[in-house]
Amino acid sequence: MLLRFVTRRLAVAIIQLIGISLFVFFMIRILPADPVARLVGLNATKEAYDLAAHNLGLDQPWGQQLLNYLGIYSNRPGDGVLQGDLGDSWVTSAPILEELLRFLPITLEFITYALLIAFLIAVPMAMAAATKPGKTADRVTFVWGLFAGAQPEFWWGLMFVFFFFFQFHEWGFPSAPAPLGRLNPMVSEPHTVTGFILIDSLIAGNFRAFLDGAHHLMLPVFTLVFVVSGAIIKMLRQNMIRVLQSDYILYARSAGLPPRQVGFYAMRAAMAPAMTLVGIFYGFLLGGAVPIELIYSLGGIGEYSIRSILAFDYPAIQGTVLIIAMVSLLIYLVIDILHAAIDPRVTF
Amino acid sequence: MTTTPGPQVAATAVASGAVVIPKRRRIDIWRKYKEEKLFAFGCTMVAIMLVLALCEILHVELGLPTRITPYDPNFATGNVSVPPPPLADWPGLLVDTIFNGAKPPHWFGTDNSGLDVFSRTIAAPRTDMTIALVAALTSMLIGTFVGLICGFYRNVATEVVMRISDLLQSFPVFITAMVLVALSGRQVWNIVLALAIVYAPIFVRLTRAEVMSQSVRGYVEAARAVGNPEWKVAFRHVLPNSLIPSLIQVSSTIGFAILLTSGLSFVGAGVRPPTPEWGLMISLGAPQIILGEWWQSIFPGVAISLTVFSFAAVGHGLEEDYG
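First to last, the protein sequences are chains A and B.
Going by the numbering used here, the letters in the first sequence line up with residues 27 to 374, in that order.
Going by the numbering used here, the letters in the second sequence line up with residues 0 to 322, in that order.
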């Protein structure tokens, strides 16, 4: 059953990925940007311009460019997407896949911690709110849900830097590190295995790097938790209220189960849709955490994407969107499987 | 020969009580405004921002003397990086400015090129509100139209349109917006267009679902039975009844559009400096913040935060009553 579900979903995902790639491919070419002029400069001679266009393959019709990108009937050296090669960046000349695999874990790491923490905070808060509607806890979570969902996360990031780095420093408290990357330059970086700095430093047994990495991750993760938790709490609270009114909870209550256990049953059912929301956040934040990455100079996939977009680096843009879409589709799939594991009403 | 039931038949059915016509839902905003603090706060803030935007637009576009900013938001004063006056001095300064004709102080300080932060903060709604309002309304217009067609006429063509809309929705929003804006030139109208494209699929989905549930109702069949052409059934009868979900959604979409607009400017893919725009102001003040010059970034952020929260509050209030 599970296998059939997964294969069907993967098949749909592949079709979606093809659609997304085609869409991005033509979108960036329809828009009136001139990547060649961006590379050679405005004062370049006609010959230099044409040569650059030829080297990038932009002098060919779109259909041929697409074939070159895909890697079928290609008239240029090098593989295409179908052979697993996303091409080279026009700016750094490095293989895009390699660059993306270096930057993706950085973003994945801090998003994962943030969503995990946000979820762990949200569950007890929503539970307190839903079991005693109208009381203080309920009102606080309600306003928080409305408020936090409407906040410019980049501004809060800056405020946290100002307060926890600058102001704490002024006051002589132990302060947050300067928002300049993932590690203090004095700390040796652990050998890359997963790309997650906390996990890598544990594998390497480098405890100093672990502490320093956690210290640097503190503020970015806190910023994200601050912004994301509101929506998750709001959704969990709504679900809890709905579930608590359902027949099987009434049955559980009338059977004389202790309130704690009833609450646990309700939470299990209310959690499943909220996990879908977490999955959507994952997909959104992979490309949407750009401002936070910029503030803390984390150098993740968001920073990579904005850099390639502003440089009109077509292959890098295509590659970034494709990889982000792929990862988010995979995460949706995992969440759906977890969903079925938690909620007995859902079957594949 | 059989006759189709005409208006008379329908009228008799209503009169005899065989058909119950639901009461018209009155949208009583005023009552809600008086009774609910959160909704009232949201409406007031939105109104203030609209007035600020309108004043600045009338001044810039038509040259009317409606500018209310104490300094020109695009013109540097000679005073660079002036901190705002301490709060305790504000009443005295206010009296001096209004009654004694003193030069207005820099209420929110000036940034490191000498632009008055207060003037820019209250001039920024011109950019932010215009972009967000026009973008959200455009995407609603496109979305409801496409959603109506796709929900009303169910065939291969509309199915393909739906798949494309789904595909658009599965895109990473922020990246799509960055690509659309950066590659089409960072002009205000390109941002509007980009946001409209990014947000349209939500409205397509909402309207289509509502249209599909409305299409099977009795009044649609009645409208057909009395001989209305199909397009008239769709636009005159189904459309007005399918608008409510979109109208509720539009308020929070305006809020999100403000967040996205300022986020784009913050990462350098939005409007160009020195346009007064909240996100851009925060971004220009960002390097100064680790030096302790907090005032350049804090005030525009508060403005974004309040405005988006207000739109969310209005949206929530409407959703509660009419959702």
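Don't be surprised by glycine CBs; every beta carbon is placed ideally from N, CA and C.
Note that this is a predicted model, so its numbers are computed, not measured.
Assuming the contact rule is C-beta atoms closer than 8 Å, residue 241 (chain B) and residue 147 (chain B) should be a hit. Round their C-beta distance to whole Å, please. Position 242 of the second sequence, counted from the start, is the residue given in the question as residue 241 (chain B). Position 148 of the second sequence, counted from the start, is the residue given in the question as residue 147 (chain B). Indeed they touch by this definition, with Cβ atoms about 7 Å apart.
What residue ranges within the segment 98-181 of chain B form continuous alpha helix (DSSP H) runs of no fewer than 4 residues, ordered along the chain? Within the segment 98-181 of chain B, the runs of alpha helix (DSSP H) at least 4 residues long that lie entirely inside it are, in chain order, 116-122, 124-151 and 155-168.
Using the Cα positions of residue 181 (chain A) and residue 255 (chain A), report the straight-line distance between them to the nearest angstrom. As a working note, residue 181 (chain A) is residue 155 in the first sequence. As a working note, residue 255 (chain A) is residue 229 in the first sequence. So the alpha carbons of these two residues sit roughly 17 Å apart.
Grab me the residues of residue 271 (chain B)'s own chain with a C-beta within less than 7 Å of its C-beta, minus the 5 sequence neighbours each way, in chain order. In the second sequence, counting from the first residue as 1, residue 271 (chain B) sits at position 272. Within the same chain, residue 271 (chain B) has close Cβ partners 185.
Any beta carbon from chain B within less than 8 Å of residue 108 (chain A)'s own beta carbon? Working through the first sequence from its first residue, we reach residue 108 (chain A) at position 82. At a cut-off of 8 Å, the C-beta of residue 108 (chain A) has no neighbouring C-beta in chain B.
Residue 304 (chain B): contacting residues in chain A (beta-carbon distance under 8 Å): If you number the second sequence from 1, residue 304 (chain B) lands on position 305. Near residue 304 (chain B) (Cβ distances below 8 Å), the residues of chain A are 176, 177, 178 and 181.
Taking beta-carbon pairs under 8 Å, can you tell me which members of the segment 48-69 of chain A lie near chain B? Listed by position along the chain: 49, 50, 53, 54, 57, 58 and 59.
Taking contact to mean 3 or more Cβ pairs, one atom from each stretch, closer than 8 Å, check whether the segment 217-228 of chain A and the segment 128-142 of chain A are in contact. Contact between the segment 217-228 of chain A and the segment 128-142 of chain A is present, with at least three C-beta pairs closer than 8 Å.
Between the C-alpha atoms of residue 119 (chain B) and residue 279 (chain B), what's the straight-line distance to the nearest angstrom? One-based indexing of the second sequence puts residue 119 (chain B) at position 120. One-based indexing of the second sequence puts residue 279 (chain B) at position 280. One Cα belongs to residue 119 (chain B), the other to residue 279 (chain B), and the distance between them is close to 11 Å.
Do you know how far the Cα of residue 55 (chain B) is from the Cα of residue 42 (chain B)? For the purposes of this step, residue 42 (chain B) is taken as residue 43 along the second sequence, with counting starting at 1. For the purposes of this step, residue 55 (chain B) is taken as residue 56 along the second sequence, with counting starting at 1. Straight-line Cα distance between these residues: approximately 20 Å.
Applying the 10 Å Cβ sphere with the 16-neighbour rule, what's the burial state of residue 292 (chain B)? For this step, residue 292 (chain B) is matched to residue 293 along the second sequence. It is buried - the Cβ of residue 292 (chain B) has at least 16 other Cβ atoms within 10 Å.
Could you give the residue range of the alpha helix (DSSP H) that holds residue 291 (chain A)? Residue mapping note: residue 291 (chain A) aligns to position 265 of the first sequence, counting from 1. DSSP places residue 291 (chain A) in the uninterrupted alpha helix (DSSP H) bounded by 285-314.
By the DSSP assignment, the alpha helix (DSSP H) with residue 322 (chain A) in it spans what residues? Stepping through the first sequence from its first residue, residue 322 (chain A) is reached at position 296. Per DSSP, residue 322 (chain A) belongs to no alpha helix (DSSP H) and is neither H nor E.
Three-state secondary structure (DSSP) at residue 1 (chain B)? Position 2 of the second sequence, counted from the start, is the residue given in the question as residue 1 (chain B). Any reading at residue 1 (chain B) must be qualified, since the residue scores a pLDDT of 44, below 50, and its modelled position is unreliable; no value is offered.
Rounded separation between residue 55 (chain A) and residue 62 (chain A) - CA only: As a first step, residue 55 (chain A) is located in the first sequence; it is residue number 29 there, counting from the start. As a first step, residue 62 (chain A) is located in the first sequence; it is residue number 36 there, counting from the start. Distance between the alpha carbons of residue 55 (chain A) and residue 62 (chain A): 12 Å.
Any 3 or more C-beta pairs closer than 8 Å across the segment 316-325 of chain A and the segment 92-112 of chain A: By the Cβ criterion, the segment 316-325 of chain A is not in contact with the segment 92-112 of chain A, since fewer than three pairs of Cβ atoms, one from each stretch, lie closer than 8 Å.
Chain-ordered chain A contacts of residue 267 (chain B) [CB-CB under 9 Å]: Residue mapping note: residue 267 (chain B) aligns to position 268 of the second sequence, counting from 1. Per Cβ cutoff of 9 Å: 320, 332 and 336.
By alpha-carbon positions, which one of A:331, A:67, A:102 and A:27 ends up nearest to residue 84 (chain A)? In the first sequence, counting from the first residue as 1, residue 84 (chain A) sits at position 58. Per the C-alpha coordinates, the member of A:331, A:67, A:102 and A:27 positioned closest to residue 84 (chain A) is A:102.
DSSP state of residue 238 (chain A) mapped onto helix, strand, coil: Residue 238 (chain A) sits at position 212 when you count from the first residue of the first sequence. In this structure, residue 238 (chain A) counts as helix in the three-state DSSP scheme.
Residues near residue 256 (chain B) in its chain [Cβ-Cβ closer than 6 Å; skip 5 each side]: Walking along the second sequence from the start, residue 256 (chain B) turns up at place 257. Within the same chain, residue 256 (chain B) has close Cβ partners 131, 134, 135 and 194.
In this structure, how does DSSP classify residue 121 (chain A) when only helix, strand and coil are distinguished? As a first step, residue 121 (chain A) is located in the first sequence; it is residue number 95 there, counting from the start. Strand.
Going straight from the alpha carbon of residue 114 (chain A) to that of residue 347 (chain A), what length do you get? For this step, residue 114 (chain A) is matched to residue 88 along the first sequence. For this step, residue 347 (chain A) is matched to residue 321 along the first sequence. So the two alpha carbons sit approximately 15 Å from each other.
I need the boundaries of the alpha helix (DSSP H) containing residue 33 (chain B), first residue and last residue. Position 34 of the second sequence holds residue 33 (chain B). Run containing residue 33 (chain B): 28-34, per the alpha helix (DSSP H) assignment.
Identified DSSP bridge partners for residue 71 (chain B): Reading the second sequence from its first residue, position 72 is the one you call residue 71 (chain B). Residue 71 (chain B) pairs with nothing; no bridge assigned.
Per DSSP, residue 114 (chain A) forms a beta bridge with which residues? Numbered from 1 along the first sequence, position 88 holds the residue referred to as residue 114 (chain A). A:121, per the DSSP bridge assignment.
Among residues of its own chain, excluding the 5 on either side of residue 206 (chain A), which ones have a beta-carbon nearer than 7 Å to its beta-carbon? Here residue 206 (chain A) corresponds to residue number 180 of the first sequence, with the count starting at 1. Contacts found: 323.
Got a sec? Which residues, its chain only, sit under 7 Å from residue 93 (chain A) by beta carbon, not counting five neighbours each side? For this step, residue 93 (chain A) is matched to residue 67 along the first sequence. Once the five neighbours on either side are set aside, the close Cβ partners of residue 93 (chain A) are 99 and 100.
Do three or more CB pairs link the segment 270-285 of chain A to the segment 165-181 of chain A at distances below 8 Å? When Cβ pairs closer than 8 Å are counted between the two stretches, the segment 270-285 of chain A is seen not to touch the segment 165-181 of chain A, the count staying below three.
Tell me which residues share the same chain as residue 2 (chain B) and place their Cβ nearer than 7 Å to its Cβ, disregarding the 5 neighbours each side in the sequence. The count along the second sequence starts at 1 and reaches residue 2 (chain B) at position 3. Any reading at residue 2 (chain B) must be qualified, since the residue scores a pLDDT of 46, below 50, and its modelled position is unreliable; the value itself is stated next. Here the set comprises nothing.
So which of B:140, B:53 and B:204 has the shortest CA-CA distance to residue 125 (chain B)? By one-based count along the second sequence, residue 125 (chain B) stands at place 126. B:53 is the residue among B:140, B:53 and B:204 whose C-alpha sits nearest the C-alpha of residue 125 (chain B).
Output, in chain order, the set of chain B residues within a Cβ distance shorter than 7 Å of residue 45 (chain A). Counted from its first residue, the first sequence places residue 45 (chain A) at position 19. Ordered by position in chain B, the residues that pass the 7 Å Cβ test against residue 45 (chain A) are 166.
Nearest chain A C-beta to residue 174 (chain B) closer than 8 Å, yes or no? Taking the second sequence and counting its residues from 1, the one referred to as residue 174 (chain B) is at position 175. Chain A contact via Cβ: present.
Could you list the residues in the segment 270-293 of chain B with a C-beta less than 7 Å from some C-beta on chain A, going in chain order? Result list: 281, 285, 288, 289, 291 and 293.
Run through chain B and tell me which residues come within less than 8 Å of residue 312 (chain A), C-beta to C-beta. Start at 1 with the first residue of the first sequence, and residue 312 (chain A) comes out as number 286. The contacting residues are 171.
Kindly say whether residue 181 (chain B), judged by its beta-carbon, lies nearer than 8 Å to any beta-carbon of chain A. The count along the second sequence starts at 1 and reaches residue 181 (chain B) at position 182. Under the 8 Å criterion on CB atoms, residue 181 (chain B) is classed as interfacial with respect to chain A.
Cα-Cα, which of B:98, B:150 and B:203 is closest to residue 141 (chain B)? Taking the second sequence and counting its residues from 1, the one referred to as residue 141 (chain B) is at position 142. Comparing C-alpha distances from residue 141 (chain B) to each of B:98, B:150 and B:203 shows the shortest one belongs to B:203.
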